[in-house]
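Student:
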Amino acid sequence: MLRRLYKWVLSLSARPTAQIWLAVIAFVESSIFLVPADVLLLPMVLTQPKKAYRYAAIATVASVLGGIAGWAIGYFAYETVAKPILSFYGKLAEFEHLKASINDRWILLLMITSGIAHLPPIKVVTILSGAVHMALPVFILCAAVTRGARFFLFAYLVRRYGETVALFIEQRLNQIVLIVAALAAVAILLSGRFVTV
Numbered sequence: 029m030l031r032r033l034y035k036w037v038l039s040l041s042a043r044p045t046a047q048i049w050l051a052v053i054a055f056v057e058s059s060i061f062l063v064p065a066d067v068l069l070l071p072m073v074l075t076q077p078k079k080a081y082r083y084a085a086i087a088t089v090a091s092v093l094g095g096i097a098g099w100a101i102g103y104f105a106y107e108t109v110a111k112p113i114l115s116f117y118g119k120l121a122e123f124e125h126l127k128a129s130i131n132d133r134w135i136l137l138l139m140i141t142s143g144i145a146h147l148p149p150i151k152v153v154t155i156l157s158g159a160v161h162m163a164l165p166v167f168i169l170c171a172a173v174t175r176g177a178r179f180f181l182f183a184y185l186v187r188r189y190g191e192t193v194a195l196f197i198e199q200r201l202n203q204i205v206l207i208v209a210a211l212a213a214v215a216i217l218l219s220g221r222f223v224t225v
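Listed below in structure tokens is the structure:
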């Protein structure tokens, strides 16, 4: 089923409405959807490299808005909406453990690793951020920086290096991005600075 869903999202890049679909996928990915917006972004940039940064901006804005929706689900509708969504994806037990043990520093670190490298999945972290009442302005800032960094980096690399790097991104770059995110996380931990939530 996941493979069919992946192929369907990929097929959207060839449609005249691809930009609209990019916004839709980026939005729902941040709150309830399984397939990342990168699946649509990469082929769109390959076919229209001059529009790479426009596509990255669309994905970033839509992803942040979707993240706000996920935050709102966690903040206002944890019992009625968030639990069924998390249960559907098999993430409820993990989520409950995180919710019980999380503090302001760790939620910020999760925003970084999730926003840049999808670990843990972004939808889990947006809902968690709302459930633990992370300050909305801080959440929006973190989401904009991390999601924007991911999408604009991908857009730049694919625009500059073409299909070779697109294939590399699909296969390996997530590991590199995760290392970068982990280094950023360590830097935050060592700095001793954290956000009050």
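Residues in the sequence shown are numbered from 29 upward in steps of one, following our numbering. Cβ coordinates follow ideal geometry from the N, Cα and C atoms, glycine included.
1) If you pair each beta-carbon of the region 68 to 87 with each one of the region 34 to 52, do three or more pairs fall below 8 Å?
2) Could you tell me whether the Cβ atoms of residue 58 and residue 154 are closer together than 7 Å?
3) Note down the Cα distance separating residue 124 from residue 77, rounded to an integer number of angstroms.
4) Could you tell me if residue 39 is buried or exposed, where buried requires 16 or more neighbouring beta carbons within 10 angstroms of its beta carbon?
5) Pick from 170, 128, 159, 120: whose alpha carbon is nearest that of residue 140?
6) CA-CA distance, residue 113 and residue 102?
7) Near residue 224, which residues of its chain fall below 8 Å by C-beta distance, leaving aside the five closest residues on each side in sequence?
8) Return the residue from the list 167, 67, 43, 186 that minimises the CA-CA distance to residue 32.
9) Please report the residue range of the alpha helix (DSSP H) in which residue 60 lies.
10) State the DSSP-derived secondary structure class of residue 181, mapped to helix, strand or coil.
11) Roughly how far, in whole angstroms, is the beta-carbon of residue 130 from the beta-carbon of residue 147, given that I think they are within contact range, below 8 Å?
12) If the criterion is Cβ atoms closer than 7 Å, does the pair residue 159 and residue 106 meet it?
13) In whole angstroms, what is the alpha-carbon distance linking residue 94 and residue 192?
14) Quick check on DSSP: helix, strand or coil for residue 222?
15) Out of curiosity, what's the CA-to-CA distance linking residue 247 and residue 35?
16) Ignore the nearest five residues each way along the sequence and tell me which others in residue 56's own chain have a CB closer than 8 Å to its CB.
17) Any idea what DSSP makes of residue 125, helix, strand or coil?
Tutor: Taking the coordinates as given:
1) Output reads yes: the region 34 to 52 touches the region 68 to 87.
2) In this structure, residue 154 lies closer than 7 Å to residue 58 by Cβ.
3) Residue 124 and residue 77 have their C-alpha atoms spaced approximately 42 Å apart.
4) Exposed, since its Cβ has fewer than 16 Cβ neighbours within 10 Å.
5) Closest option to residue 140, Cα to Cα, is 170.
6) Cα to Cα, the separation comes out at about 11 Å.
7) Note that residue 224 scores 39 on pLDDT, short of 50, meaning its location in the model is unreliable; the coordinates nonetheless yield the value given after this. Closer than 8 Å at Cβ, skipping near neighbours: 132, 163.
8) Ranked by Cα distance from residue 32, the first of 167, 67, 43, 186 is 67.
9) Neither: residue 60 is in no alpha helix (DSSP H) and is coded neither H nor E.
10) DSSP, reduced to helix, strand and coil, places residue 181 within a helical segment of the structure shown.
11) No, residue 130 and residue 147 are not in contact; Cβ-Cβ is about 16 Å, not under 8 Å.
12) Contact: yes.
13) Taking the straight line from one Cα to the other gives about 30 Å.
14) At residue 222, the pLDDT of 41 sits below 50, so the modelled position is not reliable and the matter cannot be decided from this model.
15) The requested residue 247 does not occur in the structure, where the chain is confined to residues 29 to 225.
16) The residues are 94.
17) Residue state for residue 125 is assigned as helix, using DSSP reduced to three classes.
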